[in-house]
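*Asks:* What follows is a single structure, and I will ask about it in a moment.
Numbering (full-length UniProt numbering), first residue to last: 1 to 352.
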């Protein structure tokens with residue numbers, strides 16, 4: 001599956017002479033060891049060159065389809081719970097009427113957030129978005145750890161990084177479904193995204209998508225390099241990088257949420273715990289609740305490029321069992337074991 005494609009994209013010469021078809025919506029290019037679409041690679045350069053981290057910044061990082069929306073909602077609810085009480089009498093919490101992706105913007109897709117002040121790096125603004133008055137900047141990214149700006153990674157600021165990952169079997173299945181949703185969606189005349197290559201308007205067969213994923217040619221992949229980058233950083237700088245597993249968050253949501261809040265500097269008081277604030281946040285941000293909100297069931301995201309509802313499919317652990325053959329499972333399990341060997345990281349409870 002090493003298919004390459006010639007391109008006239010003037011930006012591509014800075015990344016690769018040719019692009020590759022992979023597990024992505026459009027042609028993927030390689031830059032600094034990872035694969036992404038051309039616009040994202042332009043954005044990573046801007047991010048690296050112009051972003052100056054503040055002490056209060058919180059960076060939410062993930063490989064695609066590993067619990068990103070959930071982490072955005074939880075982090076937003078935690079840090080904004082004083083200005084926006086959970087389930088207050090007014091029922092005007094921002095998460096009820098604004099998508100998590102709009103509340104916590106992606107630096108990767110900066111080109112689709114033209115009016116978002118938090119992504120205007122030239123001003124290094126302490127403003128956040130037009131939707132709320134937050135005590136900190138919340139920014140999301142799929143960029144690998146080595147590609148983050150130095151001001152985020154070094155110890156000159158107290159900004160925090162929270163990384164969420166998911167076992168590779170479920171990550172692959174979720175990404176495959178998501179990519180095919182976008183590939184088969186009719187083009188919108190209102191979209192500001194450059195038209196997709198005609199070949200990529202057809203769905204990927206699971207066999208082809210699986211080969212791309214195993215080869216590492218997936219959006220922001222290779223998966224294993226991405227996960228290991230943040231894992232190693234969390235071991236070296238536990239005060240700065242928190243590493244979460246989607247499966248742990250599903251299994252033990254309350255202690256995981258308490259740990260997240262404490263790490264971010266917004267720990268829960270005994271009074272809040274007794275009042276049920278933790279349970280209220282988990283209820284507000286639960287998969288089913290978010291999925292059933294009108295704002296997440298309707299409308300489009302990223303300049304009419306993807307439907308909001310497509311960010312919510314099942315939110316389950318183990319859905320891969322419904323799609324992968326025993327041969328696929330064995331290959332991916334062995335590949336993961338080999339890639340993670342010696343790192344101390346494993347998904348032994350979720351990979352046979």
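C-beta: ideal position from N, C-alpha, C; glycine also.
A quick note: this is a predicted structure, and the numbers were derived from the prediction, not measured.
Take the Cβ of residue 344 as the centre, count every other Cβ of all protein chains shown within 10 Å, and call the residue buried at 16 or more, exposed below.
*Replies:* It is exposed - the Cβ of residue 344 has fewer than 16 other Cβ atoms within 10 Å.
*Asks:* Which residues in the same chain have their Cβ closer than 7 Å to the Cβ of residue 218, if we skip the five residues on either side of it in sequence?
*Replies:* These residues qualify, in order along the chain: 22, 23, 24, 35, 175 and 212.
*Asks:* With DSSP as the reference, label residue 344 as helix, strand or coil.
*Replies:* Residue state, collapsed to three classes: coil.
*Asks:* So for residue 334, helix, strand or coil by DSSP?
*Replies:* Correct three-state label for residue 334: helix.
*Asks:* Which whole-angstrom value describes the C-beta separation of residue 61 and residue 163, a residue pair presumed to lie in contact below a C-beta threshold of 8 Å?
*Replies:* Right, their Cβ atoms sit about 5 Å apart.
*Asks:* What's the call for residue 64, buried or exposed, on a 16-neighbour Cβ count within 10 Å?
*Replies:* Result: buried.
*Asks:* Give the DSSP-derived three-state secondary structure of residue 275 in the structure shown.
*Replies:* In the structure shown, residue 275 sits in coil (DSSP, three-state: anything other than H, G, I, E or B).
*Asks:* State the Cα-Cα distance for the pair residue 48 and residue 236, rounded to the nearest angstrom.
*Replies:* The straight-line gap from Cα to Cα measures roughly 21 Å.
*Asks:* With respect to the alpha helix (DSSP H) encompassing residue 234, which residues constitute its N-terminal and C-terminal limits?
*Replies:* Note, residue 234: alpha helix (DSSP H), 223-236.
*Asks:* What does the alpha-carbon distance come out to for the pair residue 167 and residue 214?
*Replies:* Cα-Cα distance, rounded: 14 Å.
*Asks:* So if DSSP puts residue 31 in a beta bridge, which residue, or which two residues, is it bridged to?
*Replies:* DSSP lists 34 as partners of residue 31.
*Asks:* Can you say whether residue 326 is buried or exposed, counting buried as having 16 or more other CB atoms within 10 angstroms of its CB?
*Replies:* Exposed, since its Cβ has fewer than 16 Cβ neighbours within 10 Å.
*Asks:* Does the segment 238-251 come close enough to the segment 269-282 that 3 or more CB-CB pairs lie under 8 Å?
*Replies:* No, because fewer than three Cβ pairs between the segment 269-282 and the segment 238-251 fall closer than 8 Å, the two stretches do not touch.
*Asks:* Do three or more CB pairs link the segment 89-102 to the segment 28-47 at distances below 8 Å?
*Replies:* Not touching, per the Cβ criterion.
*Asks:* Using C-beta distances below 7 Å, list every residue in its chain close to residue 319, excluding the 5 sequence neighbours before and after it, in chain order.
*Replies:* Here the set comprises 170 and 173.
*Asks:* Restricting to Cα atoms, I'd like to know which of 249, 147, 20 and 226 is closest to residue 336.
*Replies:* It is 226.
*Asks:* Can you give me the Cβ contacts of residue 354 inside the same chain, cut-off strictly under 6 Å, excluding the 5 residues immediately before and after it?
*Replies:* Because residue 354 is not part of the residues shown, which for the chain are 1 to 352, the question remains open.
*Asks:* Assign residue 60 to one of three DSSP states: helix, strand, or coil.
*Replies:* Strand.
*Asks:* By a C-beta neighbour count over all protein chains shown, 10 Å radius and 16 as the cutoff for buried, is residue 137 buried or exposed?
*Replies:* Per the 10 Å Cβ criterion, buried.
*Asks:* To which residues of the same chain is residue 339 closer than 6 Å at the C-beta, ignoring the five residues directly before and after it?
*Replies:* Cβ neighbours of residue 339 beyond the five flanking positions: 224.
*Asks:* Tell me which same chain residues have a C-beta within less than 6 Å of the C-beta of residue 17, skipping the five on either side of it?
*Replies:* Residue confidence is low: residue 17 scores 41 on pLDDT, short of 50, so the model does not pin down where it sits. No coordinate-derived value is stated.
*Asks:* As a quick exercise: from 19, 295 and 73, pick the residue whose alpha carbon is nearest that of residue 280.
*Replies:* Residue 280 has its Cα closest to that of 73, out of 19, 295 and 73.
*Asks:* If you reduce the DSSP assignment to three classes, tell me which class residue 53 lands in.
*Replies:* If DSSP states are grouped into helix, strand and coil, residue 53 belongs with coil.
*Asks:* Assuming residue 282 contacts residue 253 (C-beta within less than 8 Å), just tell me the rounded distance between them.
*Replies:* Correct: roughly 5 Å between the Cβ atoms.
*Asks:* Does residue 22 come within less than 8 Å of chain D when only Cβ atoms are used?
*Replies:* Given the protein chain composition of this structure (a single chain), no chain D is represented.
*Asks:* Verify whether the separation of the beta carbon atoms of residue 30 and residue 146 is less than 8 Å.
*Replies:* Contact flag unset, no.
*Asks:* Looking only at DSSP bridge pairs, what is residue 242 linked to?
*Replies:* In DSSP, residue 242 forms a bridge with 162.
*Asks:* Using CA coordinates, which residue listed in 160, 185 and 183 is at the minimum distance from residue 59?
*Replies:* Checked all of 160, 185 and 183; the closest Cα to residue 59 is 160.
*Asks:* So residue 260 is in the alpha helix (DSSP H); what residue range does that whole segment cover?
*Replies:* Run containing residue 260: 253-264, per the alpha helix (DSSP H) assignment.
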